[in-house]
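Position in the sequence shown (from 1) plus 32 gives the number in our numbering. Inspection log for the structure reproduced underneath, given as structure tokens.
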Amino acid sequence: MISYHDVGLLVDNRIYLALFLLCALATLGLIIYLARRFAGLSSMQKWGLGLLALSFLLIFGGLVQYNLIFDQSQGRYLFPAIIPLGLFFVVGLDELFSRPLLFLMAQILGWLWIAWQARARSLLAVGAGATVVFTAIAWLEKRVAFALLYLALLALDVICLVRFIIPYFAG
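Shown next as structure tokens:
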């Protein structure tokens, strides 16, 4: 549920599940990136990654402290962490897109998990088709895969706007 003041907007849980899966894939890619390439980074790059991680941890720690003191959710306090989170997200996805077989495995496992959660066989068929398409695109060109991912996220924004936000405020 999205909540803002007295607005309680219900969004389909499958959308949150898909976004969670995308974030989990990006985290997996970041872990693989750090495991394979961290030793080869220059000291300046290591310091940069460390400062980004430290800034995220400090901001997240401040959010936790605020939520322990006051009884209200304030996700907006994570806005300063958008820069490190965005960089880590893109680095993780870039690592997965540069290894198509690993990306295929992660997609298959993710779609199976979504299908198991939703208990819907039609979703499994859609997931299998998307897996084949995205893996073929990843083999062709990494930039095309990123462009399609961003277009899919844009489509998700439009779906949320049309199916959930506008009907909530119109009705």
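The beta-carbon is built from N, C-alpha and C at its ideal position, and this holds for glycine as well. In this text, all values refer to a predicted model and were calculated from it rather than measured experimentally.
Item, Value
"Look at residue 95 and residue 73 and say whether their C-beta atoms are less than 9 Å apart.", "no"
"Helix, strand or coil for residue 41? Go by DSSP, reduced to three states.", "strand"
"For residue 203, report the span of its alpha helix (DSSP H) as first-last.", "Residue 203 -> no alpha helix (DSSP H), and no H or E assigned at all."
"Is the CB-CB distance between residue 62 and residue 118 below 9 Å?", "no"
"Residue 203 to residue 47, Cα distance in whole Å?", "22 Å"
"Step through the CB atoms of chain C and report whether any lies within less than 9 Å of the CB of residue 91.", "The question asks about chain C, but that chain is absent: this structure has only one protein chain."
"For residue 70, count neighbouring Cβ atoms within 10 angstroms of its own Cβ and tell me buried if that reaches 16, exposed if not.", "exposed"
"Anyone know if the C-beta pair for residue 174 and residue 105 falls short of 9 Å?", "no"
"Can you give me the start and stop residues for the alpha helix (DSSP H) that residue 113 sits inside?", "That residue, residue 113, is in no alpha helix (DSSP H); it is neither H nor E in DSSP."
"Return helix, strand or coil for residue 73, following the three-state DSSP convention.", "coil"
"Three-state secondary structure (DSSP) at residue 130?", "coil"
"Quick check: what's the CA-CA separation for residue 59 versus residue 199?", "34 Å"
"Report the three-state DSSP secondary structure of residue 87 (helix, strand or coil).", "helix"
"For residue 97, which three-state DSSP category applies?", "helix"
"Under a Cβ-count criterion, where at least 16 other Cβ atoms within 10 Å of its own Cβ denotes burial, should residue 187 be classed as buried or exposed?", "exposed"
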